[in-house]
Structures are given as C-alpha cells and as structure tokens.
Amino acid sequence: MRTTIICILTFFSLHYASAQNSGKSFYDFQVKDIDGNNFDLSTLKGKKVMIVNTASKCGHTPQYKDLEALYEKYKAKNFVIIGFPANNFLHQEPGTNEEIKQFCEINYKVTFPMMSKISVKGDDIHPLYQWLTQKKLNEVLDAPIQWNFQKFLIDENGKLVMTVAPGTKPNDKEIIKWIEGK
4 MRTTIICILT
14 FFSLHYASAQ
24 NSGKSFYDFQ
34 VKDIDGNNFD
44 LSTLKGKKVM
54 IVNTASKCGH
64 TPQYKDLEAL
74 YEKYKAKNFV
84 IIGFPANNFL
94 HQEPGTNEEI
104 KQFCEINYKV
114 TFPMMSKISV
124 KGDDIHPLYQ
134 WLTQKKLNEV
144 LDAPIQWNFQ
154 KFLIDENGKL
164 VMTVAPGTKP
174 NDKEIIKWIE
184 GK
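Heads up: the sequence shown begins at 4 in the working numbering, then just goes up one per residue.
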C-alpha cells in the first residue's frame, strides 16, 4: 500500500513538473551575450527570430555571410538572428567568447546578436536548447540538433514555428517566405 501511494505521488509530481514546463515561450528565457551580459529574450517580443547554433571551423561556417546579409535586409522589419556558438560537433568551435566574437567581426562583419558559447546537446544542454528541441517543452515538435548551423524559427509570439536543417542556406526561399509572412 505504501509503495502504491509513493508511486501515485511520484506520478503526479512528475506530471505536475511537466505541466509547469509546458506552455513556456521563447521569451521566458534569459541568456548571456558574447560579452557575458544578461540578454533577456523577452526584449524580442513582437519580432520573428532565427536561432542558429554556430561554429567557426565547420563546413557551414560561410553561412555567417548569408546570415549577416539576411539580418541586414530584414532587421528593420522586426526580424532578428541570434547566434549561439557551440562546440558540440567535432570540436568545431574551440575558441573563447572573445576569440569567437573577433572571428565573426573580422571574417564576416557580423552585427547580429551573438551569445556566449553554450552546449546545444548532451548532458549539459542549455535550457533554451532543451526547449527548442523537445516537443514536451515547446509543444510543437521534437527537433534534435543535427549539426552546426541548424536554424530554429520563432514567431512574434515566442512560439517555435519550425526547424531548418544545417545545410539549408539562411536565404532559402522558404525562410524568406516565412520572414515576409507569405
């Protein structure tokens, strides 16, 4: 009897904890920018957001150029790109935040917001990426990180809309249609 009660209580606590995590939006998270300052994602309310896990030594690294061009074209139209450097794939982002920032500025003239290096998968996955990749948290889809430069599209209400494969260029026609609302 005691075991049954413990099982029932455990079930309801897990269910309650799961319910507390659901319904969370993108805007409920706070991250650190590349300089180590707090960056509250709620400051992006009303904007479409593209989240990208980046790396400096990857075959997809030249996408920085396309990301910057996309950002420049649409930033005045309530669109923002946020880069999250991550070293989860073959150690392709080994640098410090300062080295990453310098690399992006010198090589690609990046002006879109870059955040501090985080983990996008594994035991030390950042809470934002837990939300982005798990349907039980984002209430839309399971989207495990495939590689560097995977893109997540967030609507103006802080809800995940879709994920885009790492090899898909930032200026893909489907992404442009989404940004332009077509």
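No residue lacks a Cβ here, since even glycine has one placed at the ideal position from N, Cα and C.
**OP:** Just confirm the distance between the C-beta atoms of A146 and L156, as a whole number of angstroms; I'd bet it's less than 8 Å.
**Re:** With 8 Å as the limit, A146 and L156 do not qualify as a contact, their Cβ atoms being about 11 Å apart.
**OP:** Quick one: grab the DSSP three-state call for F155.
**Re:** strand
**OP:** Determine, using beta carbons only, whether N81 and K48 come nearer to each other than 8 Å.
**Re:** no
Original post:
For K176, which of N56, D69, H63, S59 has the nearest alpha-carbon?
Top reply: D69
Subject >> E108 to E75 span [Cα, whole Å] >> reply: 14 Å
**OP:** Using three-state DSSP, classify K66 as helix, strand or coil.
**Re:** Just to set this straight, residue 66 is Gln in the shown sequence, not Lys. Residue state, collapsed to three classes: helix.
Original post:
In this structure, what does DSSP give as the bridge partners for G189?
Top reply: The structure shown does not extend to residue 189, since the chain spans only 4 to 185, so no value can be given for it.
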